[in-house]
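Protein chains: 4
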Amino acid sequence: MVYSETLFPVRYYETDQMGIVHHSNYIRYFECARNNMMREFGYPIEMCEEDGVTIPIVTVECHYKHPAKMGDDLRVVAMIDEAPLAKLRIRQAVYNQDNVLCVEGQVVLGFLNKATGRPTRCPEKLLVAIESHLNDR
Amino acid sequence: MVYSETLFPVRYYETDQMGIVHHSNYIRYFECARNNMMREFGYPIEMCEEDGVTIPIVTVECHYKHPAKMGDDLRVVAMIDEAPLAKLRIRQAVYNQDNVLCVEGQVVLGFLNKATGRPTRCPEKLLVAIESHLNDR
Amino acid sequence: MVYSETLFPVRYYETDQMGIVHHSNYIRYFECARNNMMREFGYPIEMCEEDGVTIPIVTVECHYKHPAKMGDDLRVVAMIDEAPLAKLRIRQAVYNQDNVLCVEGQVVLGFLNKATGRPTRCPEKLLVAIESHLNDR
Amino acid sequence: MVYSETLFPVRYYETDQMGIVHHSNYIRYFECARNNMMREFGYPIEMCEEDGVTIPIVTVECHYKHPAKMGDDLRVVAMIDEAPLAKLRIRQAVYNQDNVLCVEGQVVLGFLNKATGRPTRCPEKLLVAIESHLNDR
Chain R
1 MVYSETLFPV
11 RYYETDQMGI
21 VHHSNYIRYF
31 ECARNNMMRE
41 FGYPIEMCEE
51 DGVTIPIVTV
61 ECHYKHPAKM
71 GDDLRVVAMI
81 DEAPLAKLRI
91 RQAVYNQDNV
101 LCVEGQVVLG
111 FLNKATGRPT
121 RCPEKLLVAI
131 ESHLNDR
Chain U
1001 MVYSETLFPV
1011 RYYETDQMGI
1021 VHHSNYIRYF
1031 ECARNNMMRE
1041 FGYPIEMCEE
1051 DGVTIPIVTV
1061 ECHYKHPAKM
1071 GDDLRVVAMI
1081 DEAPLAKLRI
1091 RQAVYNQDNV
1101 LCVEGQVVLG
1111 FLNKATGRPT
1121 RCPEKLLVAI
1131 ESHLNDR
Chain C
2001 MVYSETLFPV
2011 RYYETDQMGI
2021 VHHSNYIRYF
2031 ECARNNMMRE
2041 FGYPIEMCEE
2051 DGVTIPIVTV
2061 ECHYKHPAKM
2071 GDDLRVVAMI
2081 DEAPLAKLRI
2091 RQAVYNQDNV
2101 LCVEGQVVLG
2111 FLNKATGRPT
2121 RCPEKLLVAI
2131 ESHLNDR
Chain H
3001 MVYSETLFPV
3011 RYYETDQMGI
3021 VHHSNYIRYF
3031 ECARNNMMRE
3041 FGYPIEMCEE
3051 DGVTIPIVTV
3061 ECHYKHPAKM
3071 GDDLRVVAMI
3081 DEAPLAKLRI
3091 RQAVYNQDNV
3101 LCVEGQVVLG
3111 FLNKATGRPT
3121 RCPEKLLVAI
3131 ESHLNDR
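Residue numbers (the working numbering), protein chains in the order written: chain R, 1 to 137; chain U, 1001 to 1137; chain C, 2001 to 2137; chain H, 3001 to 3137.
Given below as structure tokens:
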């Protein structure tokens, strides 16, 4: 399994008038954690886009278990179980500083040729990074 | 079926460097459309919260079909098929000005007693509004 | 004077745990109101960018007078007092449904050639629209 | 002078279709850097609010010098030159990983009694922290 985690101290503007992190922000944390994983792979998203491939989201699913609050230090996880073909599936989760599961979900990503706007394959560099990590662990 | 729709011209800050509306914003449009529906019911969310009940999200699911762009006038739909018990399920969709389906999804909402933080029933006023609309159409 | 106004019902995700609209959102309302003004001019920002000119912000200044809340219907104003040369200055204000001034501010915008990234003049179509409105009133 | 800095890797959702960080986000970085400073003081904002004092913004001013991009690691600075009376003035700046000044600005904050909604004095704990740092350096 590919595993990556990133820390996110809650930001004040992410709270809403219920006094908790607004639910849309976890979708954003998910993305940040994925992009941080790509950076750890040595192939950050901006490099991928310069190489002509964008990675739009196809599906997101999110289950809210426990509200995060201002002052929380969130740990956001991205996990890949299998090498992507046309689509990349990533499992994600958010834990607080007490290891309480706040949110879990999964996303499916596609790959688009930036020039044509048409579906394309997972870029070689990303595929190699994922496969090497899948074999490692 | 309860049906409500709201218009959202795309806002510049909602776009990202792919040149399309960032995917997290549809989750926000969904919420705005739901809150607008409650306003149409004559029972806006802020009144509900003053009455001591918050409506946190339990699950969101979102399928991205077609990217929205700056200049688009989006129509965001909220639909309820059955009266809520402990949970309220809402189907949602986003169409652009050419009636192209951009995103579809569904959310499940819970009801919390604001004072105790414990689950509670759907507020009577909201239930009555939903049921009266369910019978109407 | 060029004058344009746009209505913004407060969105739930724009509130923060103080129970008011988070201050950063007024900066976003300002932008939306400016872009709506350009749309009224018949020259929306996306058309301007297609014509090769982006309009980045140079300075923003914002004075917070009265907090906006969920349920408020905000009226956001953009006013231009003189035709732009290298820079465009716009005065802005936000009023609530009771005509209370919530925020006032001003922004200065520049014009960049999208291809070269260098400063350029105000696009002719925008200049003509501004000048014709300046003379009208 | 009180000096505090915080690192912010740019997040994808913070970019816009100009391919740069949307200008409203610097206002948010400013706030995060201020709140991080309070945390360093041992008196985080959520503790201050629990003590009954909120710290709404009165004025913000922001000068945009150089655009930040996806992949940038921003360093956001908060500086206090004098102990607050009714208002707290903070100078702020954003630098990228090459030490290029991206944005500079300043904010003025007020103090409100949460219960009454009326202006109040700077909380003692915050004042002591600021004064002790002012004397240190």
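From the three backbone atoms N, C-alpha and C, an ideal C-beta is built for every residue, glycine too.
This one's a predicted model, so the numbers in the text were calculated from it and none came from an experiment.
1) If we cut at 8 Å on Cβ distances, does H:Met3018 have a partner in chain C?
2) Expressed to the nearest angstrom, what Euclidean distance is found between the alpha-carbon atoms of H:Gly3105 and U:Leu1085?
3) For a contact defined as C-beta to C-beta under 7 Å, what are the partners of R:Thr54 on chain U?
4) Determine whether the Cβ of U:Glu1061 lies closer than 8 Å to any Cβ atom of chain R.
5) So which residues of chain H does R:Ile80 contact, with C-beta pairs closer than 8 Å?
6) Scan the stretch 1067–1079 of chain U for residues whose Cβ lies nearer than 8 Å to a Cβ of chain C and list them as they occur along the chain.
7) Between the stretch 2075–2093 of chain C and the stretch 2109–2117 of chain C, can you find at least three pairs of beta-carbon atoms closer than 8 Å?
8) Is R:Leu43 helix, strand or coil when you go by DSSP?
9) Chain R partners of H:Asn3135, CB-CB under 9 Å?
10) 8 Å is my cut-off, CB to CB: does R:Tyr13 come that close to chain C?
11) Unbroken alpha helix (DSSP H) runs of length 4 or more, entirely within the stretch 3017–3101 of chain H: which are they?
12) Please classify C:Tyr2003 as buried or exposed, where buried requires at least 16 neighbouring CB atoms within 10 angstroms.
13) Using CA coordinates, which residue listed in H:Cys3062, H:Glu3049, H:Asn3135 and H:Thr3059 is at the minimum distance from H:Gly3117?
14) Please state whether DSSP places C:Pro2010 in a helix, a strand or coil.
15) Check whether chain U comes within 8 Å of C:Asn2035, counting only Cβ atoms and requiring the distance to be less than that.
16) Quick check: the stretch 3030–3038 of chain H against the stretch 1030–1046 of chain U, are at least 3 beta-carbon pairs closer than 8 Å?
17) For C:Gly2105, which residues does DSSP report across the bridge?
18) Which one of U:Val1010, U:Leu1126 and U:His1023 has the shortest CA to CA distance from U:Ala1083?
19) Using a Cβ cut-off of 8 Å (strictly closer), state whether U:Ser1004 contacts chain R.
20) Between U:Ala1115 and the rest of its own chain, which residues show a CB-CB distance below 7 Å, the 5 nearest in sequence each way excluded?
21) Based on DSSP bridge pairs, tell me the residues matched to R:Thr15.
22) Quick one, which residues of the stretch 2111–2124 of chain C are near chain U if we go by CB-CB under 7 Å, in chain order?
23) Can you grab the Cα-Cα spacing for the pair U:Ile1130 / C:Met2070, in whole Å?
24) In chain C, which residues lie less than 9 Å from U:Glu1040 when you measure between Cβ atoms?
25) What first and last residue would you give for the alpha helix (DSSP H) that runs through H:Lys3125?
26) Am I right that U:Asp1081 and U:Gln1097 are in contact with their C-beta atoms under 8 Å? What's the rounded C-beta distance?
27) Considering Cα atoms alone, identify which of H:Asn3035, H:Pro3123, H:Ser3024 and H:Met3047 is closest to U:Arg1011.
28) Note down, in chain order, every chain H residue with its Cβ under 8 Å from the Cβ of C:Arg2028.
29) Pick from R:Ser132, R:Tyr95, R:Thr54 and R:Ala68: whose alpha carbon is nearest that of R:Tyr120?
30) In whole angstroms, what separates the C-alpha of R:Pro56 from that of C:Met2018?
31) Kindly give me the distance between the Cβ atoms of C:Glu2005 and C:Arg2075, rounded to whole angstroms, as I take these residues to be in contact under 8 Å.
32) Relative to the C-alpha of C:Val2077, which candidate in C:Pro2067, C:Cys2102 and C:Tyr2013 has its C-alpha closest?
33) Rounded to the nearest angstrom, how far is the Cβ of U:Val1100 from that of U:His1066, given a contact under 8 Å?
According to the data block:
1) Taking Cβ atoms only, chain C reaches closer than 8 Å to H:Met3018, which makes this a yes.
2) 51 Å
3) Met1018
4) yes
5) Under the 8 Å cutoff, chain H gives no residues; its nearest Cβ is about 18 Å from R:Ile80.
6) Lys1069, Met1070 and Gly1071
7) yes
8) The displayed chain sequence assigns Tyr, not Leu, to residue 43 of chain R. Coil at R:Tyr43, not helix or strand.
9) Result: empty, since nearest Cβ-Cβ is about 28 Å, beyond 9 Å.
10) yes
11) Runs found: 3024–3040 and 3045–3050.
12) Under the 10 Å beta carbon count, C:Tyr2003 is surrounded by fewer than 16 other beta carbons and is classified as exposed.
13) Ranking H:Cys3062, H:Glu3049, H:Asn3135 and H:Thr3059 by Cα distance to H:Gly3117 puts H:Glu3049 first.
14) The displayed chain sequence assigns Val, not Pro, to residue 2010 of chain C. Of the three classes helix, strand and coil, the one that applies to C:Val2010 here is coil, per DSSP.
15) yes
16) The answer is no - the stretch 3030–3038 of chain H does not touch the stretch 1030–1046 of chain U, with fewer than three Cβ pairs under 8 Å.
17) C:Cys2062 and C:Gln2092
18) U:Leu1126
19) no
20) Taken in chain order, the residues that qualify are Gly1052.
21) R:Val21
22) none
23) Roughly 22 Å separates the two Cα atoms.
24) Within 9 Å Cβ-Cβ: nothing; U:Glu1040 doesn't reach chain C, min ~12 Å.
25) Its alpha helix (DSSP H) spans residues Glu3124 to Asp3136.
26) That pair is no contact at about 27 Å.
27) H:Ser3024
28) Within 8 Å Cβ-Cβ: Ser3024.
29) At residue 120 of chain R the sequence reads Thr, which differs from the Tyr that was named. The candidate whose alpha carbon is nearest that of R:Thr120 is R:Thr54.
30) 34 Å
31) 5 Å
32) Answer by Cα proximity: C:Cys2102.
33) 5 Å
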